[in-house]
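Student:
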């Protein structure tokens, strides 16, 4: 499996980094001074309540979102200096929603992930990448189905396969980055863990992975690093066990929790105590009723 080769493809390891980024959408400041970094071999989970700026930060990392101030780089290269074609060869983005209204077969959708490489990579390698992605996402049996006729969860797995095909690489190629925006949102419990386990294995094989997730326990189990956002600010970064403390979760998510050790992995899992903290505005509304 070619993607399993060396972390940086024999070249100098580079990171994908955001430094001091401000983003304003309309009249609202969505990110303020945001900084984060992912290196090949890492799985970084981006966490935070709704509206915290998680998807915006991922779009900044991908080069899809312009910034007001700050810097976004892959290694020494600024993302806005790269052409769309060059950027597509370095990173793959799976958005929350991917609209596709034409009746493409599933295998053709997955093959779209290889479009940036058609002129530079052998046809056999592109086919190998597509077959590998179908296998890794367990959708080989859907290959000849029409994409628009699939369930929401199946479509999400097809989109995951598409970006996996995009980050597939030969042993002597540079490491790539995989950016996933809520990749488990439409999936059942088994497939949620399957996706994060796959992301973890990709990181072990030298891909730099960033995933926006809502489930803190998925982050605790699979991520090597977490980035926590609150109201557009990065409030904590580091290893999950160090960052996901009950005090931080109470402050950011307005939820009282305690932690228990998973007997298999030894990682700390998060359990709500039942004493949910509620904002004064919610309490006042209920009293008014």
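Numbering (the working numbering), first residue to last: 156 to 444.
All C-beta atoms, glycine included, are put in the ideal place defined by N, C-alpha and C.
For residue 277, is the classification buried or exposed, using 16 other Cβ atoms within 10 angstroms of its Cβ as the cut-off for buried?
Tutor: Exposed, since its Cβ has fewer than 16 Cβ neighbours within 10 Å.
Student: Roughly how far, in whole angstroms, is the beta-carbon of residue 212 from the beta-carbon of residue 189, given that I think they are within contact range, below 8 Å?
Tutor: Right, the Cβ-Cβ distance comes to about 6 Å (below 8 Å), so this counts as a contact.
Student: Closest by CA to residue 375, which one among 359, 387 and 348?
Tutor: The candidate whose alpha carbon is nearest that of residue 375 is 348.
Student: Pick from 317, 310, 222 and 226: whose alpha carbon is nearest that of residue 271?
Tutor: The option with the nearest alpha carbon to residue 271 is 317.
Student: Would you report the Cα separation of residue 275 and residue 262, rounded to the nearest angstrom?
Tutor: So the two alpha carbons sit approximately 21 Å from each other.
Student: Tell me the rounded alpha-carbon separation between residue 335 and residue 250.
Tutor: Cα-Cα distance, rounded: 7 Å.
Student: Please state if the CB of residue 321 and the CB of residue 458 are separated by a distance shorter than 7 Å.
Tutor: Here the chain comprises residues numbered 156 to 444, so residue 458 is not present and cannot be evaluated.
Student: Helix, strand or coil for residue 259, going by three-state DSSP, please let me know.
Tutor: Here residue 259 sits in coil by DSSP.
Student: According to DSSP, residue 333 sits in a beta bridge with which residue or residues?
Tutor: 247 and 364, per the DSSP bridge assignment.
Student: Closest to residue 177 by CA distance: which of 310, 221, 378 and 259 is it?
Tutor: Here the closest residue by C-alpha is 221.
Student: Would you give the residue range spanned by the beta strand (DSSP E) that residue 423 belongs to?
Tutor: Segment 423-427, the beta strand (DSSP E) holding residue 423.
Student: Hey, residue 377 and residue 346 are a contact pair by Cβ (cut 8 Å); roughly how many whole angstroms apart?
Tutor: Residue 377 to residue 346, Cβ: 14 Å. No contact.
Student: Is residue 179 near residue 216, with beta carbons less than 7 Å apart?
Tutor: Result no, Cβ atoms of residue 179 and residue 216 do not sit closer than 7 Å.
Student: Find the nearest neighbour of residue 207 within the set 411, 218, 413 and 390, judged by alpha-carbon distance.
Tutor: Selected option, being the one with the closest Cα: 390.
Student: Would you mind reading off the limits of the alpha helix (DSSP H) that contains residue 313?
Tutor: Unbroken alpha helix (DSSP H) run through residue 313: 307-322.
Student: Taking residue 369 as part of the beta strand (DSSP E), name the residues at either end of that continuous run.
Tutor: Element bounds for residue 369: n/a, residue is neither H nor E.
Student: Under 6 Å Cβ to Cβ from residue 308, same chain only, skipping five residues before and after it: list those, please.
Tutor: The residues are 341 and 342.
Student: Assign residue 295 to one of three DSSP states: helix, strand, or coil.
Tutor: Helix at residue 295.
Student: Can you list, in chain order, the residues of its chain whose CB lies under 6 Å from that of residue 200, leaving out five sequence neighbours each side?
Tutor: Result list for residue 200: 366, 368, 374, 378 and 381, in chain order.
Student: In terms of alpha-carbon separation, which member of 170, 399 and 197 lies closest to residue 358?
Tutor: Nearest of 170, 399 and 197 to residue 358, Cα basis: 197.
Student: Could you tell me the distance, in whole angstroms, from the CA atom of residue 330 to the CA atom of residue 194?
Tutor: Cα to Cα, the separation comes out at about 9 Å.
Student: Round the Cβ separation of residue 314 and residue 354 to the nearest angstrom and send it over; I've been treating them as touching at under 8 Å.
Tutor: No, residue 314 and residue 354 are not in contact; Cβ-Cβ is about 14 Å, not under 8 Å.
Student: Which parts of the region 164-217 are runs of the alpha helix (DSSP H), unbroken and 4 residues or longer, counting only runs that do not cross its ends?
Tutor: Complete alpha helix (DSSP H) runs here, min 4: 209-217.
Student: In whole angstroms, what separates the C-alpha of residue 166 from that of residue 234?
Tutor: The predicted model places residue 166 with a pLDDT of 49, which falls under 50 and marks its position as unreliable, so this point remains unresolved.
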